[in-house]
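Visitor:
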Amino acid sequence: MAFMSILTAKDLCKSYGSGESMVKAIDHVSLSVESGEFVAVVGSSGSGKSTLLNMLGGLDTPTSGEVTVSGSDIFKMDDEKRTIFRRRNIGFVFQNYNLVPVLNVYENIVLPIELDGTKVDEGYVRTMIKTLGLEKKVTAMPNQLSGGQQQRTAIGRAIVKNPDILLCDEPTGALDYNTSKEILKLIEDVNKKYGNTIVMVTHNDAIKNMADRVITLRDGTIRKNYLNENKIPASELEW
Ligand code: ADP
Ligand code: MG
Numbered sequence: 031m032a033f034m035s036i037l038t039a040k041d042l043c044k045s046y047g048s049g050e051s052m053v054k055a056i057d058h059v060s061l062s063v064e065s066g067e068f069v070a071v072v073g074s075s076g077s078g079k080s081t082l083l084n085m086l087g088g089l090d091t092p093t094s095g096e097v098t099v100s101g102s103d104i105f106k107m108d109d110e111k112r113t114i115f116r117r118r119n120i121g122f123v124f125q126n127y128n129l130v131p132v133l134n135v136y137e138n139i140v141l142p143i144e145l146d147g148t149k150v151d152e153g154y155v156r157t158m159i160k161t162l163g164l165e166k167k168v169t170a171m172p173n174q175l176s177g178g179q180q181q182r183t184a185i186g187r188a189i190v191k192n193p194d195i196l197l198c199d200e201p202t203g204a205l206d207y208n209t210s211k212e213i214l215k216l217i218e219d220v221n222k223k224y225g226n227t228i229v230m231v232t233h234n235d236a237i238k239n240m241a242d243r244v245i246t247l248r249d250g251t252i253r254k255n256y257l258n259e260n261k262i263p264a265s266e267l268e269w
């Protein structure tokens, strides 16, 4: 089999509204991401980052164009099939954590396994919880956690099924400087330790320096797409 990118977008478009008030949130975007790659998508607010990421992960449907994940065209699937595919192959991390408030840390983390009806590998989950630095918080409820702990929990939930792809939308957007750096370091560790392919969108230009590749967006189009020759560890980023 020929070498295949793990994630591709072809001529992706998403517009909202029509006529005079039409907004082209994503305008003919094509890209491909290699397995294990860490890609940063940067652009100012309103440039289309979230719209793009949601379509790459099948959370939102394009007006036209296609997305393939591990060779499967995700918008050729019906909604149910795409939901199952997404749960098994793609993890999402959002700015506002999106934890389930009535579930504790452990229950939030294993939720995708429960939803999938498969068995929890306790050993694997315990090790992961240690990597996340949450071993003392497993029975805490989300409202008893700091922002950083909530995001750690959300990252755990996103990677518990060891997805091929981890998509992060401004994962540090609601966190202070030091906590942001801890979370970025954790995402970097996840990429190294578990080998998940990562696409992280951010409006913080400094964060792009930790990625293998940088894609810049402006008004829904790709302005630049380049390999980062001078990768800086998350712990050494400054802004
Ligand atoms: P970013 O994440 O880079 O801030 P978004 O992807 O959220 O950008 O938005 C890109 C553009 O699409 C913006 O002009 C935004 O106003 C518009 N947009 C996003 N979602 C919607 C929506 N549901 N309805 C109308 N316009 C939208
Ligand atoms: Mg956004």
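Remember, our numbering sits 30 above the position in the sequence shown when you count from 1. The beta carbon of each residue, even a glycine, is placed where N, CA and C say it ideally should be.
Pull up the distance between the alpha-carbon of residue 167 and that of residue 56, whole angstroms please.
Guide: Position 137 of the sequence shown holds residue 167. Position 26 of the sequence shown holds residue 56. Those two C-alpha atoms are separated by around 40 Å.
Visitor: Hey, would you say the C-beta of residue 95 is under 7 Å away from at least one heavy atom of the ligand ADP?
Guide: Indexing the sequence shown from 1 puts residue 95 at position 65. Residue 95 Cβ: outside cutoff for every heavy atom of the ligand ADP.
Visitor: Residues with a Cβ closer than 6 Å to any heavy atom of the ligand ADP, in chain order?
Guide: Every residue passing the under-6 Å Cβ criterion appears here: 46, 53, 55, 73, 75, 76, 77, 78, 79, 80 and 81.
Visitor: Which runs of the beta strand (DSSP E) spanning at least 3 residues fall entirely within the segment 161-236, listed in chain order?
Guide: Taking only runs of at least 3 residues, the beta strand (DSSP E) segments lying wholly in the segment 161-236 are 195-199 and 227-232.
Visitor: Do you know how far the Cα of residue 246 is from the Cα of residue 50?
Guide: For this step, residue 50 is matched to residue 20 along the sequence shown. For this step, residue 246 is matched to residue 216 along the sequence shown. Cα to Cα, the separation comes out at about 27 Å.
Visitor: Let me confirm a value: residue 174 is counted as buried when at least 16 other C-beta atoms fall within 10 Å, else exposed. Which label applies?
Guide: Translated into positions along the sequence shown, residue 174 becomes position 144. That one is exposed.
Visitor: Does the beta-carbon distance from residue 236 to residue 269 come in below 8 Å?
Guide: Numbered from 1 along the sequence shown, position 206 holds the residue referred to as residue 236. Numbered from 1 along the sequence shown, position 239 holds the residue referred to as residue 269. In contact: residue 236 and residue 269 (Cβ atoms closer than 8 Å).
Visitor: Here's the rule I'm using: 16 or more other beta-carbon atoms within 10 Å means buried, otherwise exposed. How should residue 36 be labelled?
Guide: Taking the sequence shown and counting its residues from 1, one reaches residue 36 at position 6. Buried is the call here.
Visitor: Between residue 162 and residue 186, which are expected to be in contact by the criterion C-beta below 8 Å, what is the C-beta distance as a whole number of angstroms?
Guide: Here residue 162 refers to the residue found at position 132 of the sequence shown. Here residue 186 refers to the residue found at position 156 of the sequence shown. Confirmed, about 5 Å.
Visitor: Relative to the ligand MG, is the shortest distance from any of its heavy atoms to the C-beta of residue 200 smaller than 7 Å?
Guide: For the purposes of this step, residue 200 is taken as residue 170 along the sequence shown, with counting starting at 1. Yes; taking the cut-off as 7 Å, the Cβ of residue 200 has a heavy atom of the ligand MG nearer than that.
Visitor: Is residue 127 helix, strand or coil by DSSP?
Guide: Here residue 127 corresponds to residue number 97 of the sequence shown, with the count starting at 1. Residue state, collapsed to three classes: coil.
Visitor: Measure the Cβ-Cβ separation of residue 230 and residue 70 and say whether it is below 8 Å.
Guide: On the sequence shown, position 200 is the one that residue 230 refers to. On the sequence shown, position 40 is the one that residue 70 refers to. It is a contact, given that the beta carbons lie within the stated cut-off.
Visitor: Go to residue 80, then tell me how far its beta strand (DSSP E) extends in each direction, as first and last residue.
Guide: For this step, residue 80 is matched to residue 50 along the sequence shown. From DSSP, residue 80 is part of no beta strand (DSSP E) but of the alpha helix (DSSP H) over 79-86.
Visitor: Measure the C-alpha to C-alpha separation of residue 135 and residue 248 and round it to an integer number of angstroms.
Guide: Here residue 135 refers to the residue found at position 105 when the sequence shown is read from its first residue. Here residue 248 refers to the residue found at position 218 when the sequence shown is read from its first residue. About 37 Å.
Visitor: Measuring alpha carbon to alpha carbon, tell me which residue in 221, 97 and 154 is nearest residue 85.
Guide: Counting from one through the sequence shown, the residue named residue 85 turns up at place 55. Answer by Cα proximity: 97.
Visitor: Using DSSP with H/G/I as helix, E/B as strand and the rest coil, what is residue 254?
Guide: Counting from one through the sequence shown, the residue named residue 254 turns up at place 224. Strand.
Visitor: Give the secondary structure of residue 264 by DSSP, where H, G and I count as helix, E and B as strand, and everything else as coil.
Guide: For the purposes of this step, residue 264 is taken as the residue at position 234 of the sequence shown. DSSP places residue 264 in helix when its eight states are reduced to three.
Visitor: Given a threshold of 16 other Cβ atoms within 10 Å of its Cβ, counted over all protein chains shown, does residue 183 qualify as buried or as exposed?
Guide: Residue 183 sits at position 153 when you count from the first residue of the sequence shown. It is buried - the Cβ of residue 183 has at least 16 other Cβ atoms within 10 Å.
Visitor: Find the nearest neighbour of residue 52 within the set 43, 177 and 60, judged by alpha-carbon distance.
Guide: What you label residue 52 is simply residue 22 of the sequence shown in a count that begins at 1. Nearest option by C-alpha distance: 43.
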